[in-house]
Structure formats: C-alpha cells, structure tokens
Amino acid sequence: MLSRTFSAHILGWTTLTLGVFCAVIVTYAFTGYDAGDTTLPGYVLRSGAPKQVPWRIITAPEIMTGATIPADTNVIFELPKDSPPILRKTLLSIMGEEIRYWGYCLPENYDKTDAMKVSKLPGKMFLSEAERKARQLKYEQEERKRLSLRPGLSEDALNGLKKAPQGTIYHQFETFDPGSTCYIMTEKPLPIGTDPDDDGLNNQQEKDHRTDSYAPDTDGDGLIDGCEVQLRSSPVKRDTDGDGLIDSIEDANSDCHYFAETETDPLAWDTDRDGLPDGLMKMGNARNTVIKGEDKNLNGTVDEGESDPRMWSTSMDGISDGQKYYQCILEGGTDC
Numbered sequence: 001m002l003s004r005t006f007s008a009h010i011l012g013w014t015t016l017t018l019g020v021f022c023a024v025i026v027t028y029a030f031t032g033y034d035a036g037d038t039t040l041p042g043y044v045l046r047s048g049a050p051k052q053v054p055w056r057i058i059t060a061p062e063i064m065t066g067a068t069i070p071a072d073t074n075v076i077f078e079l080p081k082d083s084p085p086i087l088r089k090t091l092l093s094i095m096g097e098e099i100r101y102w103g104y105c106l107p108e109n110y111d112k113t114d115a116m117k118v119s120k121l122p123g124k125m126f127l128s129e130a131e132r133k134a135r136q137l138k139y140e141q142e143e144r145k146r147l148s149l150r151p152g153l154s155e156d157a158l159n160g161l162k163k164a165p166q167g168t169i170y171h172q173f174e175t176f177d178p179g180s181t182c183y184i185m186t187e188k189p190l191p192i193g194t195d196p197d198d199d200g201l202n203n204q205q206e207k208d209h210r211t212d213s214y215a216p217d218t219d220g221d222g223l224i225d226g227c228e229v230q231l232r233s234s235p236v237k238r239d240t241d242g243d244g245l246i247d248s249i250e251d252a253n254s255d256c257h258y259f260a261e262t263e264t265d266p267l268a269w270d271t272d273r274d275g276l277p278d279g280l281m282k283m284g285n286a287r288n289t290v291i292k293g294e295d296k297n298l299n300g301t302v303d304e305g306e307s308d309p310r311m312w313s314t315s316m317d318g319i320s321d322g323q324k325y326y327q328c329i330l331e332g333g334t335d336c
C-alpha cells in the first residue's frame, strides 16, 4: 500500500495512470520476483528483506531544468512530451558505468485496467552498466558455488561460465521516448535532465559543472562539454593542466579518451615526466622565470627542433629531454 503522503502527491499529479503505475511497481518490484531467479530482486540496492523506502516524483518541468535523483528512494519521473528522444547515458549521465541503478518505463497508451493482471510489467526495464556487472558477478559466484559441489569438475569448467541468463529484471533499451513515465532506484544521487545543446551533458550536469546548457563547448577549446567530462578535463578551462596546449590539441582525435601512444595527457603538464612541459609555459619564481616546453609552436606535432612530449628521451639514448635542455642552457644555447 502507498503511504498517505505519496497518495497525496498522486492526487496532485496530472496523469491518472501514475497511481496504477506506482501500485504495479510496488507489487512487482518489491515482492513479485521469481525467488529462483539468478538476478537480484527488485530492491537490488538493498540487502536483506525489503524496507520502507521513501517516494519522490520528478515532474517534466523539473526534467527540463535538471534535477537530482536521490539515493535509496523510489523515484517516478516523466519526460517532457515535446522533447526529442534522449539516450540513457545523457538523461541519467555516464555515471551509470560507476553507479548501480535500475528502472522501468511504461509503454505509451497502455491499458491501465489490465496493468495489475499480468505477471510481468507491461513496459521495459533499463539497468546501468554497474548494475549489469553486479548481476553477472552474482550469477558467476552462485554458479561457481553450485558447480564446485560436483566431484571431479575441472577448473576450466568452473572458469568457463556463460553469461547470466535474462531473468525477471534485465536491460532492454537505451533511448527514452518523449512523454515516457518511468520508475528508477539508484544507490547514489544521479543527475537527470534533457540536453538542449546536444553536448552529452544533461541540464543538471551542466549546473553541477557550471557550464552553459545552450553552448556545447563552453570554454571554446574544441572539445564539447560532455566529452571533457568523460575525459575528466575541465569544460570551463581551455587548458586544463596549464601546459600551454589546449585540451583539444592533447586529445588529438577528440574521442574523449587519453591514449599514451599517440597523445599527451590533458591532466598532466609533463606527460613523459622529463621535467619539461608538454607545450610551452612559464616556470620558476618571481626572480627567475623562464619559458620552456617541448611543443614550442603548440600545434600538437613534433616539428624540427622540438622534443617529443610523449617520450622521456626523444632520441632514446638514455638521456632525458629535460637533462638535455639544461645542458644546452649551461652551454650557452639560445634555442634549447
């Protein structure tokens, strides 16, 4: 049964089907799972018996401006009817790779009178990457325990476990349709919102990172804000590590990942740790300031007269580029 407080919220809700939806979720998610299923039950983020869990409604206008889904709370949200379809990794952020959450969306124009008569929910489930990984791990642990009881079973057989079978709750879709009414439970707070500038960050993430929700590249460095968050560089600073190279030069192929073989690290001013900045920057103190670096023209390419900021020793002779630089200075060099 729903609490009086939650029922009061339902009465103020514009969609009458929401009350039925909540009742179905309570009945199914917290009590109506197959006890023999290898997946975790509906209350996946809690251990032991089901507990009294608070409810929260996030309205379509809140989704438009951005909101935060609280942890360990039954949350119902509705997407704006006039919004375009939105990817799960944008609506709920890419944090799904680290945070366990699961949810469910009702189909459009479902028959609410039949909602309580079916053995399964009439819509589709979604699970975060972390939740799917946890389910697979649980299955493997249980299967290894079961198989280990068989005498003479080889270690290869124990290690060759197949992918966990789909049970009562499993991941079914990646794109949320406009006007969808959904339920979600998460182990940690989760930002939710639409993405007006199509930069991969929802409105709440834009607020959290202090970026412009109507400008895909807030700092104008050539990498969109969502890409920078994934890369862990700053979407509000053109040169996150202050080495003189803007972030898009360091992430040369703009794929939002750092590859040591071909790129410099946008989070480290000295990628190869040879004592020289990747680009060109002021170093020293108020009395003695010098400008030095490896990529002197800041173009992301190793040109003639430059050392490689990805290699401790560009010539591979066992002497670091930094040591050669200081030796050049001691010898009176003017283009070190």
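Just so we're aligned: 253 in this note's numbering is position 253 of the sequence shown, and the numbers increase by one with no gaps anywhere.
Ideal Cβ placement from N, Cα and C applies to all residues, glycine included.
Exercise. Would the C-beta of residue 74 count as close to the ligand ATP, meaning under 7 Å from any of its heavy atoms?
Worked result: For the ligand ATP, the structure offers nothing, since it holds no ligand at all.
Quiz prompt | DSSP-derived helix/strand/coil call for residue 175 | solution = strand
Inset, instruction - Look at the Cβ atom of residue 294, then the Cβ atom of residue 266, and state whether they are nearer than 8 Å. - result: no
Fill in: Run of the beta strand (DSSP E) containing residue 101, from where it starts to where it stops
101–105
(request) Verify whether the separation of the beta carbon atoms of residue 233 and residue 274 is less than 8 Å. (result) no
Item to check | Helix, strand or coil at residue 328 according to DSSP, with G and I counted as helix | outcome: helix
- Message: What residue range does the beta strand (DSSP E) around residue 78 cover?
- Response: 74–78
_Rounded straight-line distance, which links the Cα of residue 298 to that of residue 329_ = 21 Å
Check: Just checking, does the stretch 122–134 make contact with the stretch 171–187 on the three C-beta pairs under 8 Å criterion?
Finding: yes
*Give, in chain order, every unbroken run of the alpha helix (DSSP H) that is at least 4 residues long and sits entirely within the stretch 171–247.*
203–209, 225–231
Does the Cβ of residue 291 have 16 or more other Cβ atoms within 10 Å, making it buried, or fewer, making it exposed? exposed
Residue 249, DSSP secondary structure in three states: helix
Rounded separation between residue 143 and residue 137 - CA only
10 Å
- Should the stretch 215–226 be regarded as contacting the stretch 234–252, the criterion being three or more beta carbon pairs within less than 8 Å? yes
Quiz prompt | With 16 other Cβ atoms within 10 Å as the buried cut-off, status of residue 36 | solution = Because residue 36 sits at a pLDDT of 38, beneath the cut-off of 50, its placement in the model cannot be relied upon, and the following sentence gives the value as read from the coordinates. Residue 36 is exposed by the Cβ-count criterion.
Quiz prompt | Beta-carbon proximity check, residue 283 vs residue 243, cutoff 8 Å | solution = no
Return helix, strand or coil for residue 44, following the three-state DSSP convention.
-> Note that residue 44 scores 42 on pLDDT, short of 50, meaning its location in the model is unreliable and no value can be drawn from it.
Subject >> Burial state of residue 67, where buried means 16 or more other Cβ atoms lie within 10 Å >> reply: buried
Where do the N-terminal and C-terminal ends of the alpha helix (DSSP H) with residue 138 fall, by residue? 129–147
Point to revise | CA-to-CA distance, residue 322 to residue 309, given in whole angstroms | key: 10 Å
Q) For residue 230, which of 207, 245, 252, 258 has the nearest alpha-carbon? A) 258
Item to complete: May I have the straight-line CA-CA distance separating residue 270 from residue 228, to the nearest angstrom?
Response: 19 Å
key: Bridge-paired residues (DSSP) for residue 290   = 283
If we call anything under 8 Å between Cβ atoms a contact, is residue 83 one with residue 178? yes
I believe residue 77 touches residue 124 by the beta-carbon criterion, under 8 Å. Please report the beta-carbon distance rounded to the nearest angstrom.
Rounded, the Cβ-Cβ distance is 15 Å, inconsistent with contact.
- Do residue 314 and residue 307 come within 8 Å of each other at the CB atom, strictly closer than that value? yes
Quiz item: For residue 67, which of helix, strand or coil comes out of DSSP?
Solution: strand
| Distance, residue 200 Cα to residue 80 Cα | 18 Å
Assuming the contact rule is C-beta atoms closer than 8 Å, residue 73 and residue 61 should be a hit. Round their C-beta distance to whole Å, please.
Actually they are not in contact, since the Cβ atoms of residue 73 and residue 61 sit about 19 Å apart, beyond 8 Å.
* Asked: CB-CB under 8 Å to residue 108, same chain, minus the five flanking residues each way: which ones, in chain order?
  -> 177, 179, 180
### Message
Measuring alpha carbon to alpha carbon, tell me which residue in 213, 198, 75, 249 is nearest residue 89.
### Response
198
Determine whether the beta carbon atoms of residue 202 and residue 91 lie at a separation below 8 Å.
yes
*Taking the DSSP output, what are the residues bridged to residue 55?*
74
Nearest-angstrom Cα separation, counted from residue 262 out to residue 316 | 17 Å
Who are the near neighbours of residue 183 in its chain, counting only those whose CB is closer than 6 Å to its CB and skipping five residues on each side?
25, 76, 103, 104
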